[in-house]
Amino acid sequence: MFTCMVVDDEELARERLTRLIAQRGNWKVVAEADSYSDARALLLEKRPQVCFMDVEIIGGSGINLATELNSALNTRWVFTTAYSQHAHKAFEIEADDYLLKPFDDGRFDRILEKLHRKLTLSSPNRDILAVRTNGQVQFIKTRDIIWIKGAGNYLELHCQHRTYLHRESMTAIEQLLDPDKFVRIHRSAMVNIQYLDAINSELGRYSTLEMANKDEVRIGNTYRKPLFQMLGLDAGE
C-alpha cells in the first residue's frame, strides 16, 4: 500500500483527488490540507510517499513548500494547478509530474501508473528486517514483530519469544514497515495491530493497548485520534 497526501485550497478539488486515489488499488490517502502551515506540519508527521500539491495554497506556494522540505522527506511530488506557466518551476525541483486542471481520469491513471513503477523499484523489502546482534546478522520476519519501543539510539523489537535490539530510528523503521499493519501510538512506540488483544482504560479513558505477549503499551495523546480512526472506534470513549 502506497501512501499519499493531497494539498489543495479548494475543497472540491481535494475531494475529487481523494476519491480518485481511494478508487485505485494499493493507494491510501493519509492526510489532506489546504494551507502552507497545515501541509508542512502534516507532511513532516505523516511522511507520505507521494504528495499531490496545488501550486497556490493558503499562506504560500506549494512549490516553495516542497523545496523547503525536499531534503527532509523522501516524498515524490505531483503538482496540480490550472495555470500551465507554473510547470517549469515544478520541474526545477525534480517533481515527478504535473497535473493541469481540468484533467481526465486517463491522465490521472497514467501518473499513478508511473508513480507505482518508481515506488515499486525503490521500495525496500517490507517482509524481512536485517538485525545485527551478537556478531551476527539475523533476519527477522516483520510479521513476527508484536511491537516496537524506542530506546535511545536503538529500538527494541518485541517478538513472541525474544526481544531484539536494533540500531535504527523510529521514523526510519516506520517508513520500512507496512502502514496497514504497523501504527505509531506514541513518539517512542509502534504496534503491529495484528497482535492487538485489548484496549484498557484508566479513569474512564482508553490509555493502553494490551498485546498478544501481554505487554501493555501506553497510547500517546498525539496519536490517539488516528489510532482510533484506524480501528473504527470513537477516541472519546
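For the sequence shown, UniProt numbering begins at 1 and goes up steadily by one. By construction, the Cβ of each residue, glycine as well, lies at the ideal position given by its N, Cα and C atoms.
Straight-line Cα distance separating residue j from residue i
i: histidine 186; j: aspartate 104; result: 41 Å
i: leucine 115; j: glutamate 202; result: 45 Å
i: arginine 117; j: arginine 47; result: 19 Å
i: tyrosine 154; j: tyrosine 164; result: 10 Å
i: threonine 120; j: glycine 25; result: 14 Å
i: glycine 60; j: tyrosine 36; result: 6 Å
i: methionine 230; j: valine 78; result: 26 Å
i: alanine 151; j: valine 131; result: 15 Å
N-terminal and C-terminal residue of the alpha helix (DSSP H) that residue i is part of
i: alanine 13; result: 11-23
i: threonine 171; result: 170-176
i: tyrosine 83; result: Element bounds for tyrosine 83: n/a, residue is neither H nor E.
i: leucine 233; result: Careful: leucine 233 lies outside any alpha helix (DSSP H) and carries neither H nor E.
i: threonine 208; result: From DSSP, threonine 208 is part of no alpha helix (DSSP H) but of the beta strand (DSSP E) over 205-211.
i: leucine 69; result: 62-69
DSSP three-state assignment for residue i, whether helix, strand or coil
i: leucine 165; result: strand
i: glutamine 138; result: strand
i: leucine 100; result: strand
i: methionine 1; result: coil
i: lysine 28; result: strand
i: aspartate 38; result: helix
i: aspartate 109; result: helix
i: lysine 214; result: coil
i: arginine 76; result: strand
Cross-strand partners of residue i (DSSP beta bridge)
i: asparagine 192; result: Phe182
i: leucine 129; result: Ile140
i: asparagine 200; result: Thr208
i: phenylalanine 219; result: Per the sequence shown, the amino acid found at residue 219 is isoleucine instead of phenylalanine. Bridge partners of isoleucine 219: none, in fact.
Extent of the continuous beta strand (DSSP E) run through residue i
i: arginine 143; result: Unbroken run through arginine 143: none, as it is neither H nor E.
i: aspartate 54; result: 50-54
Residue from the options with nearest C-alpha to residue i
i: aspartate 9; options: Met53, Phe2, Trp27 and Ala41; result: Met53
i: glutamine 23; options: Leu44, Ser37 and Leu112; result: Leu112
i: arginine 167; options: Glu156, Gln160, Leu176 and Phe2; result: Glu156
i: lysine 181; options: Thr80, Asp144, Arg162 and Lys214; result: Asp144
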